[in-house]
Amino acid sequence: EDKVVQSPLSLVVHEGDTVTLNCSYEVTNFRSLLWYKQEKKAPTFLFMLTSSGIEKKSGRLSSILDKKELFSILNITATQTGDSAVYLCAVLGPGTYKYIFGTGTRLKVLA
Amino acid sequence: NAGVMQNPRHLVRRRGQEARLRCSPMKGHSHVYWYRQLPEEGLKFMVYLQKENIIDESGMPKERFSAEFPKEGPSILRIQQVVRGDSAAYFCASSPSTGTVSYNEQFFGPGTRLTVL
């Protein structure tokens, strides 16, 4: 059965810390991996990764994919309280539309 | 350009009642997806629709649940005779016509939080 596992389940840090969120997957016919940020509303898109070893960056956030070891990491540097959210990892498997989501990592950044 | 709209945002129903959740995709999007998120769990795919067609409903319970996306108007997710276990957040996402595109970003709505008493 296809699955996506995220770790840790939750994390509490202080402003300015750097965090690394993990996502591992077992999905047949892998196509792409996506990261979303979910606050008390719609998940908002962060990154889509399709190729190994190519880092995607957006401000203080960056992500990379390892298709050989079947995982991705999401890094957030110099965290701020506004980074507090649930970070979801999703893998697009067979077909072009069926996202398989992990349970998410709940990040809380303390002032 | 408005994003994906869902209503109501919160819905309370008693056991045995019907719940109707609506989703209006982004302008220009003709593909709609419904996901369910139970407390402390990730989003689970339920159904994928195009205008007037159900493409994949493999994630939707066989009984009491149905979905439609008519030619005119929003997509509707309908749950008949709700039970407490149906309490969850239901998210809708949309994407443009894919053509031959293999990788397809889905844009999510704010969700409807259904509470069954």
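Protein chains in written order, with the working numbering: chain A, 2 to 112; chain B, 6 to 122. Think of the CB as a built atom: it goes at the ideal place given N, C-alpha and C, for glycine as much as any other residue.
Rounded to whole angstroms, B/Ser71 and B/Leu82 show a C-alpha spacing of 6 Å. The C-beta of A/Ser59 has fewer than 16 other C-beta atoms within 10 Å across all chains shown, which makes the residue exposed. Under the Cβ criterion of 8 Å, A/Thr104 is counted among the residues facing chain B.
Cβ contact annotation for A/Ser8 (same chain, cutoff 6 Å, sequence separation greater than five): Asn23, in chain order. Take the alpha-carbon of A/Ala79 and the one of A/Thr106: they are about 18 Å apart. Beta-bridge analysis with DSSP links A/Val110 to A/Val14. For A/Phe31, the nearest beta carbon of chain B is not closer than 8 Å to its own beta carbon. A/Pro44 reaches chain B at Leu48, Phe96 and Phe113, counting residues in chain order whose Cβ is nearer than 8 Å.
If you ignore the 5 residues before and after A/Asn76, its C-beta comes within less than 6 Å of the C-beta of Thr21 and Ser63, all in its own chain and listed in chain order.
When C-alpha distances from B/Lys32 are compared across B/Asp91, B/Ala24, B/Ile60 and B/Val9, the shortest belongs to B/Val9. Under the criterion of beta carbons closer than 8 Å, A/Val92 and A/Val28 qualify as touching, at roughly 5 Å. At a C-beta separation below 8 Å, B/Gly116 has these neighbours in chain A: Lys42 and Ala43. For the options B/Ser29, B/Gln22 and B/Gly21, the alpha carbon positioned closest to that of B/Arg14 is the one of B/Ser29.
In this structure, A/Glu16 sits near A/Thr82, with a CB-CB distance shorter than 8 Å. With a minimum length of 3 residues, the unbroken runs of beta strand (DSSP E) contained wholly in the region 55-100 of chain A fall at 57-59, 62-67, 72-77 and 86-93. Exposed is the label assigned to A/Thr19, since fewer than 16 other Cβ atoms lie within 10 Å of its Cβ. Neighbours of A/Leu89 in chain B, taken as residues whose beta carbon is under 8 Å from its own, are Gly47 and Leu48 in chain order. Counted as a single uninterrupted DSSP element, the beta strand (DSSP E) harbouring B/Lys49 occupies residues Leu48 to Gln55. No Cβ-Cβ contact shorter than 8 Å links B/Leu122 with B/Ala93.
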